[in-house]
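Sequential numbering from 1 applies to the sequence shown in UniProt numbering.
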Amino acid sequence: LNQFNKETPQTNDNYGMTYDYGSLMHYGGTSASFNKKPTMVPFDVNYQQTLGSPFISFIELSMLNEHYKCKERCDPRTSVKCEMGGFPHPRDYEKCICPGGYGGARCTERPSGCGEKIQAFTKWVTLEDVVDNNRENEDFLTCNYWIESPVGTDIQVRLLDFTKGLSVDGCKYAGVEIKTNKD
Numbered sequence: 001l002n003q004f005n006k007e008t009p010q011t012n013d014n015y016g017m018t019y020d021y022g023s024l025m026h027y028g029g030t031s032a033s034f035n036k037k038p039t040m041v042p043f044d045v046n047y048q049q050t051l052g053s054p055f056i057s058f059i060e061l062s063m064l065n066e067h068y069k070c071k072e073r074c075d076p077r078t079s080v081k082c083e084m085g086g087f088p089h090p091r092d093y094e095k096c097i098c099p100g101g102y103g104g105a106r107c108t109e110r111p112s113g114c115g116e117k118i119q120a121f122t123k124w125v126t127l128e129d130v131v132d133n134n135r136e137n138e139d140f141l142t143c144n145y146w147i148e149s150p151v152g153t154d155i156q157v158r159l160l161d162f163t164k165g166l167s168v169d170g171c172k173y174a175g176v177e178i179k180t181n182k183d
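This is how it looks when you write it as structure tokens:
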């Protein structure tokens, strides 16, 4: 196999899950570049910095559990009903493995720790948070802000400034993820 072959649904089984730009197995956007310019660009350029993560992603964890049939161990009649794309933990059917930004027994709660629930307003509101980690670390501080608004309204977010030197392939020092898609 050539590492640059384009895979298709016929040659690669993603178990019904979306393409994972944040995959541990994905090359970084500037991998093998001699001039620091991108060697690959995703169809959605908003994911450029996501390419090449050094950490396992939730989608990869879910695929592994699907591939090794760990999810089949959980009896759907007796195991917890997970929300937000989470799935029952294969060794504790009363707990869910939740995607980033979600927690609690059923993935319906904001994870404990840094961050908060914020009500959106019709005027701009400033939220300031400092990202200052400059070492590669899988368990770096995670702050989860849930911005809520009335049903049928849109939320706008504007990112104004970032700590210099932290913008690298795979967001291995720090990152900002704004969840707007179902997955």
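Just so it is clear, CB atoms sit at the ideal spot from N, CA and C, and this is done for glycine as well.
Computed from a prediction, not measured in an experiment: that's the story for all the values here.
- Residue environment for residue 127: exposed (fewer than 16 other C-beta atoms within 10 angstroms of its C-beta).
- Within the same chain, and ignoring the five residues on either side of residue 47 in sequence, the residues whose Cβ sits closer than 7 Å to its Cβ are 21.
- Relative to residue 84, the option among 117, 145, 154, 104 whose CA is nearest is 104.
- Looking only at 56, 82, 76, the smallest Cα-Cα distance to residue 108 is reached by 82.
- For residue 97, the enclosing beta strand (DSSP E) starts and ends at 92–97.
- Take the alpha-carbon of residue 71 and the one of residue 13: they are about 17 Å apart.
- Distances from the alpha-carbon of residue 55 to those of 23, 121, 5, 6 put 23 closest.
- The Cβ-Cβ distance between residue 144 and residue 111 falls below 8 Å.
- Residue 91 and residue 38 have their alpha carbons spaced roughly 41 Å apart.
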